[in-house]
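The sequence shown runs 5 to 313 under my numbering. First comes the structure, then the notes that go with it.
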Amino acid sequence: MKSVTIIGSGIIGLTSALQLQKSGFQVNLIAKERYDKTLSSKVGAIWFPFEVGPKKKTNTWATMTYMHYKTEESVGNGIIFIPFITAYTPKSNTGWTKQLPEGTVRKATKEELPRGMQMAFISNVPLAEPHLYLPHLFEQFLANGGTFKEREISSLEELASLDTYVVNCTGLGAKTLCNDKELHPMRGQILRCEKMAIVSCADSTQKGALSYVINRSEDCIVGGTDYENDWNKNNEPADTKLILNRLKGLCQEDPKIIETLVGLRPRRHSVRFEFDKTHPNVFHNYGHGGAGFTLAWGCAIELAEILSK
5 MKSVTIIGSG
15 IIGLTSALQL
25 QKSGFQVNLI
35 AKERYDKTLS
45 SKVGAIWFPF
55 EVGPKKKTNT
65 WATMTYMHYK
75 TEESVGNGII
85 FIPFITAYTP
95 KSNTGWTKQL
105 PEGTVRKATK
115 EELPRGMQMA
125 FISNVPLAEP
135 HLYLPHLFEQ
145 FLANGGTFKE
155 REISSLEELA
165 SLDTYVVNCT
175 GLGAKTLCND
185 KELHPMRGQI
195 LRCEKMAIVS
205 CADSTQKGAL
215 SYVINRSEDC
225 IVGGTDYEND
235 WNKNNEPADT
245 KLILNRLKGL
255 CQEDPKIIET
265 LVGLRPRRHS
275 VRFEFDKTHP
285 NVFHNYGHGG
295 AGFTLAWGCA
305 IELAEILSK
């Protein structure tokens with residue numbers, strides 16, 4: 005049996021591992037932290053191609069991921085489909101709307117628009133609840149014969165020596181590991197709140213003024229921030245105030261905050277999805293920005309096809 009080692013246990017690493025198992029590989033998973041300590045464990049995880057490129061390729065991966073989630077829609081595994089209103093402008097990436105199944109997306113009427121939005125789509129999209137979905141994937145991986153080890157990899161040379169094939173899914177960690185000068189953090193601060201009456205929606209049309217509400221089965225995520233090159237992992241009260249003020253532009257309801265979460269999205273001009281030029285057994289799969297859950301399965305499916313050849 006062909007062997008491959010995945011580095012990283014977030015949504016990109018777990019989906020890559022499972023798809024490679026499905027393709028007949030023996031898969032080993034190595035990560036500095038287990039899935040419940042990763043960025044993937046503390047995000048809204050709504051399906052939406054946010055701040056990621058290149059557009060044509062990522063729209064294709066997003067569609068593949070959407071269709072995979074359709075096969076997983078099940079009570080208890082953390083995948084549900086919900087109505088989602090997304091604002092757009094003439095400059096927005098709207099190509100994803102043309103690739104979804106017929107009848108799942110349309111333009112919102114004026115009466116349906118949340119306060120402050122001028123134009124928006126209403127689509128029926130997947131929502132992954134990380135606290136349910138990530139352990140579901142991890143348990144599947146182990147049940148399929150996968151192995152997991154907590155270990156920090158300190159260099160690309162060390163990574164390349166691990167297996168016949170090695171897949172780098174280290175997210176922002178790849179900046180140091182690969183000396184990737186293009187990779188940088190996009191800081192996100194969000195509020196986990198009690199459920200709200202407003203329909204789930206997002207307005208990402210103005211850089212630096214991101215605002216969204218994602219109602220989940222038992223709580224609600226209100227966001228957020230999209231600060232480029234910001235390494236601050238601390239909860240900033242000023243950002244909480246900013247998020248709440250922006251929320252007033254969408255609705256009049258005051259959320260009841262349960263906790264504040266901060267994460268650093270791995271941002272690049274384009275997802276790095278390629279073999280390493282120096283270490284030809286290493287494949288890079290990182291830099292998915294704010295769209296990890298949106299692109300994960302599409303990337304995993306293409307990755308398995310590439311390595312199977």
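For each residue, glycine too, the CB sits at the ideal point set by N, CA and C.
Check: Going by the CB atoms, is the gap between Y73 and I84 shorter than 7 Å?; Outcome: no
Check: Along the alpha helix (DSSP H) that carries F142, what are the first and last residues, could you check?; Outcome: 134 to 147
Check: Measure how close the beta-carbons of T178 and Y290 come, nearest whole angstrom, since I'm counting them as under 8 Å.; Outcome: Strictly speaking, residue 178 in this sequence is Ala, with Thr absent from that position. The pair is a contact, with the Cβ atoms about 5 Å apart (cut-off 8 Å).
Check: Could you name the residues that DSSP lists as bridge partners for F277?; Outcome: N289
Check: Would DSSP call L195 helix, strand or coil?; Outcome: strand
Check: So within the stretch 188 to 255, which uninterrupted beta strand (DSSP E) runs reach at least 3 residues, ignoring any that extend past its ends?; Outcome: 188 to 197, 205 to 207, 215 to 219, 224 to 227
Check: Quick check on this structure: which residue in R191, R110, T282, C197 has the alpha carbon closest to the alpha carbon of N183?; Outcome: T282
Check: Are E156 and K36 touching if we call contact CB-CB under 7 Å?; Outcome: yes
Check: Beta-carbon separation of L43 and S13 under 7 Å?; Outcome: no
Check: With DSSP run on the structure shown, which of helix, strand or coil describes G28?; Outcome: coil
Check: Return the bridge partner residues of L268 from the DSSP annotation.; Outcome: R191
Check: Count the other CB atoms, across all protein chains shown, that sit within 10 Å of the CB of N233; report buried if there are 16 or more and exposed otherwise.; Outcome: exposed
Check: So, using beta-carbon positions, are A308 and S27 closer together than 7 Å?; Outcome: yes
Check: Spatial neighbours of H273 within its chain, please: CB distance less than 7 Å, with the 5 preceding and 5 following residues excluded, ordered by chain position.; Outcome: G57, E186
Check: On a Cα-Cα basis, can you pick out the residue from F279, V226, V109 that is closest to G253?; Outcome: V226
Check: At 3 residues or longer, what runs of the beta strand (DSSP E) sit wholly inside the stretch 8 to 85?; Outcome: 30 to 35
Check: Among E162, S215, S20, F29, which one has its Cα closest to the Cα of S7?; Outcome: F29
Check: Can you look up A91 in the DSSP assignment and give me helix, strand or coil?; Outcome: strand
Check: Can the beta-carbon of D223 be found less than 7 Å from the beta-carbon of R196?; Outcome: yes
Check: Grouping DSSP H, G and I as helix and E and B as strand, with all else coil, what is I262?; Outcome: strand
Check: Would the beta-carbon of T151 fall within 7 Å of that of G302?; Outcome: no
Check: Look up L131 in the DSSP assignment and say whether it is helix, strand or coil.; Outcome: strand
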